[in-house]
Amino acid sequence: MCGIVGFIGREHIVYDIMMGLTALQHRGQDAAGITTFKKLFHEKKGLGLVNGVFEEKHLKRLIGDIGIGHVRYTTHGSNELKNAQPIGTNYPFGISMAHNGNITNFEEISERLYKDYHILPNTTNDLELILYTFVSELTSSKNLGSVRPDDLFDAVQATQKKVHGAYSATAIIANQGLLAFCDPNGIRPMILGKKVTEEGIIYGVASETVCFDHLGYEVVRDLEPGEMIFIDNDKKVYSRKGHVKEQRFCVFEFIYFAREDTYLHTRLVAGQRVKMGRQLAVKVREAGLDPDIVIDVPTSGYFAASGLAEELGVPHRRGLVKSNYIGRSFISSKQSEREDIVKRKLNPIAKTVEGKKIAVVDDSIVRGTTSKRIVKILKDAGAKEIYFISAAPPLLHPCIYGIDMSVTTELIAANKEIDEIRNYIGADALIYQSIEELKKQFDDMGLNTCMACLSGDYPTPNAELALRQIEKERLSVKDSE
Ligand code: SF4
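Under my numbering, think of the first position of the sequence shown as 15, with each following residue one higher.
Put into structure tokens, the structure is as follows:
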């Protein structure tokens, strides 16, 4: 999972890109990159956080009124600088592209690009495959001299048919404008925003609406599955439906990944998490549990915990304090780093938890190691009983769409019964969200979601093959750790 932005419409657009990427930092901490265009492409990429990668001297040379940016979270390919985005090409036009997501037919596309066009990607980043497929389709356009929006859209549509998986992408087309598109199922988010200024309109696309909040832009709308948008240099906006399939927006954007203050498909993420918490109250009561307080695992458990507490009529307290200066455990790509981070980032407030029966709400349970540590931390601090509550249903299948949801052998719910998991993490009770309730929550809003990691129902073709390839890759990364 990564974060992307693209902007067009005012000089020194890099400052908007910088602000947008900072707002998206939670979506990836491995690397960051910005490309702008004025006569030439101007680029700066680096490993680490946005504020560490870009210094004022870089921003000064990233000139132009159009640009794109990316924060990277490694799921495909290694975490090296050469895999950082955006990635560019000079033929048939100058194009620089960034994406968020994961391609599931990586090997098929690689082989086809080599066989048909003798293209050999420079990196193990799957963005190159989207970029070169798009470029090879564009090359066959009859209007290479003056590319029209429809030529770009035809090339994107052909790319969407060939490239399977989850992806939202944005690209600078040199001297032409800003392009953005989504995969046929609309699995990954992409939102269009704009700002009207005295100098004219600035347009932006971004993975989350929080980018626009910080910049004073208004949100225009979310892109639909398969949709393509092109904003030309005169700020004329073109839009077309490309290769479209049934909508399957990632439910985990609501559960964990997106920032609480973001709106996705017009729904506030925080509000959806509160609903998940309220639904869990029914299960807590059915289990005969009577907690004294509800606490959250900071920060992604906060809103589900507040919904649960409200519905149960018990106080919601802060029982764990998180250091904000240590990375999120879930998005660190190495298991060794993840465990180290959990150990250092949470501290209990003993006065709040001692002697209490506590419902502890987390967004999900992946491997169970974090939950086990949290239960131990709270019990060591004097908690009487711990009821561990997961806002997500049991994770039974790996995600093949860009969230590092481990391999099946490491997903605790795929390998243990609920009571065995409870026992493993050391909790006195364990409650999971039900998949039916979660599905109903989004069905009621008319949003079709991907829940493949919960149900095994993958929306893209040849998922079995993709699963085998991704498991193979993740295991080889583990072996090298
Ligand atoms: S498999 Fe799960 S995490 Fe992956 S896109 Fe689907 S819902 Fe999101």
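No residue lacks a Cβ here, since even glycine has one placed at the ideal position from N, Cα and C.
Beta carbon proximity, residue i to chain B, threshold 8 Å
i: S124; result: Looking for chain B here will not work: only one protein chain is present.
Simplified DSSP assignment, three categories, for residue i
i: R209; result: Note that residue 209 is Lys in the sequence shown here, rather than Arg. If DSSP states are grouped into helix, strand and coil, K209 belongs with the strands.
i: V421; result: coil
i: C225; result: helix
i: C264; result: strand
i: C467; result: helix
i: P362; result: strand
i: S182; result: strand
i: D30; result: helix
i: D130; result: helix
i: D165; result: helix
i: R273; result: coil
i: Y415; result: coil
i: K454; result: helix
i: Y446; result: strand
i: S124; result: helix
i: G321; result: helix
i: N45; result: Note on identity: in this sequence residue 45 is Ala, with Asn being the wrong assignment. In the structure shown, A45 sits in a strand (DSSP, three-state: E or B).
i: S385; result: helix
i: T88; result: coil
i: I77; result: coil
i: L192; result: strand
i: K393; result: helix
i: H113; result: strand
i: H279; result: coil
i: K259; result: coil
i: T36; result: helix
i: Y146; result: helix
i: L334; result: strand
Own chain, CB closer than 6 Å to residue i, minus 5 neighbours either side, in chain order
i: I133; result: L127, Y146
i: D246; result: G191
i: A427; result: P408, L409, L410
i: G47; result: K59, H84, A98, Q99, P100
i: V64; result: L35, T36, Q39, A46
Rounded distance between the beta-carbons of residue j and residue i, thought under 8 Å
i: G285; j: A405; result: G285 to A405, Cβ: 13 Å. No contact.
i: G291; j: S337; result: Going by Cβ atoms, the distance from G291 to S337 rounds to 24 Å, so no, they are not a contact pair.
i: G207; j: Y231; result: 4 Å
i: V311; j: L294; result: Their Cβ separation, rounded to whole angstroms, is 14 Å, which puts V311 and L294 out of contact at 8 Å.
i: V251; j: I243; result: 7 Å
i: K249; j: Y217; result: 6 Å
i: L141; j: A112; result: 7 Å
Beta-carbon proximity check, residue i vs residue j, cutoff 8 Å
i: N476; j: N97; result: no
i: F55; j: G102; result: yes
i: T50; j: I80; result: yes
i: I497; j: I18; result: Missing from the structure shown is residue 497; the chain here goes from 15 to 495 and no further.
i: I400; j: K393; result: yes
i: T184; j: T223; result: no
i: G470; j: L409; result: no
i: G115; j: S182; result: yes
i: I309; j: I372; result: yes
i: L489; j: V265; result: no
i: I201; j: R262; result: yes
i: T383; j: G179; result: no
i: L152; j: A194; result: no
i: V367; j: A395; result: yes
i: L326; j: V298; result: yes
i: Y530; j: C16; result: Outside the shown range of the chain, which is 15 to 495, sits residue 530, and nothing can be said about it.
i: E478; j: T422; result: no
i: K370; j: I307; result: yes
i: K259; j: N199; result: yes
Nonlocal neighbours in the same chain, by C-beta distance under 7 Å from residue i, ignoring five residues either side
i: D442; result: E399, I400, Y401
i: T313; result: K336
Other residues of its chain near residue i: CB distance less than 8 Å, five sequence neighbours each side excluded
i: L143; result: I117, F120, I123, S124, L127, P135, V177
How would the residue list near the ligand SF4 read, in chain order, if you kept each one whose beta-carbon is closer than 5 Å to any heavy atom?
In chain order, the hits are C264, V265, F266, C413, Y415, I417, C464, A466, C467.
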